[in-house]
Structure formats: structure tokens, C-alpha cells
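Report on one structure; see the data block that follows.
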Amino acid sequence: MSQSKFNDDIFKKNLHEFLTHISNRQTKNQTALTTGKGYFFWYSEVYLANIVELVIADSVLGKRFAWKELGQSILALTGKGKAKNKTDDQISETILNQVIKKAPDNFFCVIPFHGINLNEPYNLGNVTLYPSNQKEAVIQDAISDNFRNQLLDTITDSQNFATVNVQAVIPAGAIEVALSEVKAALNILRFLINVPTKMYQIGVGKPNKNMSDKEFIAVSEKEGVTQHPFQYIPVSAELNAIQPIGKKYITKMGEIQTKVYNSETTIPLEKGLFNATNLIAESLDTEELTMQLIQLMSAIEALVEQKTFVQGITDQVCERTALLLGENLHSRQEIYNKLTNLYKKRSNLSHGNTAIVTHYDVVYLWNVARSLCFYFQLNFDRFSDSNNQEKKNLKEYLLDLRFENKKM
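Laid out in C-alpha cells, this is it:
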């Protein structure tokens, strides 16, 4: 069993950074507002994310929390502490002891799934699959009277479902862990059943993931929750909400798409934008963090990677991205270091080792990949190249930036 590497001192240092940047008025660093009984304050979403990521990235603690709810808990305890005029040190101790170091509860979780016909229970390790007609009986048997009626009222579908027992500090964290376990179990079946020419749509939730459905259940002796953990929203997108920069991107990509469809010659920059756009879009169509990381890093590579014999791919991609997106030496170093660490995670996964991929890793890569797409679209003429001299203009521009950096 893996051991937690959570460091109290590092957590407190980051928490102190968050607390010292709280304000009763908004500034460029305070980007979000939270309110509660007896308090309101502006805070830095970046500093809050740094705290949450320390917990979520831990091999043990990360399985007990959901990133969003953990952030909300930290904000609530901070607000309550401020309302009682507690010091930052007192608030830090409260958060550490009442949330981070709180002993986990045992949760019984019910996770709906689709794509498999069942007539009887089917065991897959610590996960059991059930046909839909047994849902009420399973809940009646496994859940105490305190929550049974309340939860049964939320059961509105006729889906098959899986059950699994997990440990977590908050119910939403239990659902995230349960989802991971059920997905792993279903992947075993997908591995055995699916072939490239005949694939069954097997997965958790409904085939059309609607946020108004709350069929995901996590219950302990003390508390319980029903929710829908996916990020899909139950409304149609509005095209008139697209900003001018987005409309220009549509125009450019429409031109490239037409060339690809008509089998016309495309230059490397066009191919890179075409591939990166598709990879970024497809990365959001899965809840698998590992797959999202791989697709988003591939999108970045599609735009900046250039085969050479003088520089490793990892170093090249990280350096080029940092030079293009960083505004100064400090920000470029931060981008380079962050991407290098993410490459290490992908390398571990590719070579059979383990790596903890977090929501924040994915969001960071999504922002980087998307920013690069807009950067190249806005500067298309500057970096326009040819199939005979791939990324020639990009290479020359990056050399100028690199030597300019050395003068700084």
C-alpha cells in the first residue's frame, strides 16, 4: 500500500500565501469572491488551486477528496475563522486538522453505467455490477434508514448500476474514487469484448451525460450525497457568444479544413493547427485525466515539435512553449519547469510506472495548448512555412528569443 508523502510544512506555507492574499476589495491578484454567514472576501484562485493540488496530487490523500469540494471547504473554514477574528495560524491549524487530517469515512457508492446487458450480479474485484431491477433492493439492504428514503426518491432511471465501498473525507470525494474504480472494472470488460471493427458503448453514467441526472450515490453512516459528477451542461451552445478572436480562428480553421477535405497541399503550420485543434477538442470529450494529459501534450507537440538531432523532444517542446508564451524570464522558467514535470508524468505512464494526474494538470495543459493555437493563428503569416523547410521561420524566431533571453 502506498504511503502518503504529504508535507505539512509545505502545505502550511502555501496556505499562508493564500491567506495573506485575502482582501475585502478586488485587485488584479484577487480574482474571485466568496461569501457566507458573517463574512465575505476576495481571494486568489491561483493560490487556492496551489493548496488543493498539494492534497489531490498525494497518492493517499488525493483519493479522499474531490478537488472542487475541497476548495469550497477551505474557503468556508477560512471565512468562518475570519468571522471569529482568528489568526491565520489558527485558521491553518483548523483546515489541517478538520479537513486534511480528518479520518476518512467508509462510503457505499452506487454508480450507474450503460452498454452491458445483465440478468444477475456480476463481480469484478471490489466492484459488483447489478441489473437495474435490483437497485431498490440493493439500496434497501445496504443503506441505513437515515438516508434510504431520501436516496430512493432520487432514483428515476432504469439503468444498470455498480456498487463499490471506498474511503473518503467528503461524499463528493467518495464518488470520484468510486468512479475511478468502476471505470477500471468496466475497462476490463471493454478490453475483452471490444475489437476495432465492433465496439460497444460501455461506460459510466448515461450515454447522454445530463447534469440534471443525479444517479451517483455515496453514503456513510454520517452523511450522504447524490450528484452528477460530469462537466456537461444541459443546454445548447450559443454561437453568438463566440468572441471576435474566436470568429477569426473559425475562419482560419475553416480554410484549413476545406484544404484538408479537398486533398489540397497544406503546409506544416496548417497541419499542426488542424491536428492540435482536434486533439484539444477530443480531450474534453472524456473524463479520463490520463487520456486528457496525453492528448493535450500531443496537441502542444503538433505545434512546436521539430525533429532535430541536437535537442531532445522533451527539452525542445518545453523550451519552445516557454519562449512563445512567457512574458519574461521568470514566467518562461515557470512554464518550462511545469511542462517538464508533466512530461515526467507522461513518461512514467508510457514506461509502465504510475503517475498521479490531477484536474489542475489537465487545466494547465488545456490553457497552454489553446494559447499556442491562438498564438499561431494570430501570427500565421510570420510563421508560415513550407513542406521543404518545416518550421523554418519558427526556428529562427525562437533563436532570436533565446539569445535575447541571455541578454536579460
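The sequence shown runs contiguously to residue 423 in our numbering.
Ideal Cβ placement from N, Cα and C applies to all residues, glycine included.
Because the structure is a prediction, the values reported are computed rather than measured.
**OP:** Give every residue of the same chain whose Cβ lies closer than 7 Å to the Cβ of Lys406, excluding the five residues on either side of it in the sequence, and list them in chain order.
**Re:** The residues are Pro283, Gln321, Asp400.
Subject >> C-alpha gap between Ile328 and Arg397, whole angstroms >> reply: Rounded to whole angstroms, the separation of the alpha carbons of Arg397 and Ile328 is 23 Å.
Original post:
Can you tell me the Cα-Cα spacing of Gly261 and Ile131, whole angstroms?
Top reply: Each residue's Cα considered, the two are about 40 Å apart.
Subject >> Whole beta strand (DSSP E) elements within the stretch 42 to 99, 3-residue minimum >> reply: Positions of the beta strand (DSSP E) runs, each at least 3 residues long and wholly inside the stretch 42 to 99, are given as 47 to 51, 54 to 58 in order along the chain.
Original post:
Does the separation of the CB atoms of Ile66 and Phe33 fall below 8 Å?
Top reply: Yes.
Original post:
Mind checking whether Leu294 and Trp381 have CB atoms under 8 Å apart?
Top reply: Between Leu294 and Trp381, the CB-CB gap reaches or exceeds 8 Å.
Subject >> Pair within 8 Å by beta-carbon distance, Leu85 and Ser19 >> reply: Taking 8 Å as the Cβ cut-off, Leu85 and Ser19 do not qualify as a contacting pair.
**OP:** May I ask which residues mark the beginning and end of the alpha helix (DSSP H) holding Tyr137?
**Re:** From DSSP, Tyr137 is part of no alpha helix (DSSP H) but of the beta strand (DSSP E) over 137 to 139.
**OP:** Quick one: residues in its chain with C-beta nearer than 8 Å to the C-beta of Gly96, no 5 flanking neighbours on either side, listed in chain order?
**Re:** Excluding residues within five positions, the ones whose Cβ falls inside 8 Å are Gln105, Ile106, Thr109.
Original post:
Cβ of Gly239 within 8 Å of Cβ of Phe80?
Top reply: It is not a contact, given that the beta carbons lie outside the stated cut-off.
**OP:** Starting from Ala370, trace the beta strand (DSSP E) both ways and give me its first and last residue.
**Re:** Taken as a continuous stretch (DSSP letters only), Ala370 belongs to no beta strand (DSSP E), as it is neither H nor E.
Original post:
Which same chain residues, not among the five before or five after Tyr390, have their C-beta less than 8 Å away from its C-beta?
Top reply: Answer for Tyr390: Leu339, Leu340, listed in chain order.
Original post:
What's the gap between the Cα of Ser74 and the Cα of Asp376?
Top reply: Cα to Cα, Ser74 sits roughly 15 Å from Asp376.
Subject >> Residue closest to Lys353, alpha-carbon to alpha-carbon, out of Ser313, Asp330, Gln87, Ile271 >> reply: Ranking Ser313, Asp330, Gln87, Ile271 by CA distance to the CA of Lys353 puts Asp330 first.
**OP:** Report whether the distance from the Cβ of Leu311 to the nearest heavy atom of the ligand FAD is below 7 Å.
**Re:** This structure lacks the ligand FAD, and indeed carries no ligand of any kind.
Subject >> Of the residues Pro136, Val184, Leu144, the one placed nearest Ile115, counting alpha carbons only >> reply: Taking only the C-alpha atoms, the option nearest Ile115 is Val184.
Subject >> Option nearest Glu196 by Cα separation, candidates Lys221, Lys213, Asn138, Thr102 >> reply: The residue with the shortest Cα to Cα distance from Glu196 is Asn138.
Original post:
Quick one: what's got a C-beta closer than 7 Å to Gly140's C-beta in the same chain, skipping five residues either side?
Top reply: Counting only residues of its own chain and dropping the five nearest sequence neighbours on each side, Gly140 has a CB closer than 7 Å to the CB of Ala200.
Original post:
Anyone know if the C-beta pair for Val219 and Lys198 falls short of 8 Å?
Top reply: Yes, the pair counts as a contact, with Cβ atoms nearer than the cut-off.
Original post:
With 8 Å set as the bound, which would you pick, yes or no: does the beta-carbon of Asn39 sit closer than that to a beta-carbon of chain C?
Top reply: As a matter of chain content, chain C is missing from the structure shown, which is built from one protein chain.
Original post:
Per DSSP, what kind of secondary structure is Ser278 in: helix, strand or coil?
Top reply: Coil at Ser278, not helix or strand.
Original post:
So the alpha helix (DSSP H) Ala152 belongs to, where does it begin and stop?
Top reply: Per DSSP, the continuous alpha helix (DSSP H) segment holding Ala152 begins and ends at 150 to 157.
Subject >> Residue burial classification, Ser346 (beta-carbon count within 10 angstroms, cutoff 16) >> reply: So Ser346 counts as exposed.
Original post:
Do you know offhand how far Lys422's Cα is from Arg335's?
Top reply: Model confidence at Lys422 stands at a pLDDT of 43, short of 50, so the residue's coordinates are unreliable and nothing is read from them.
Original post:
What residues match up with Ser38 in a beta bridge as DSSP calls it?
Top reply: Ser38 is bridged to Trp57.
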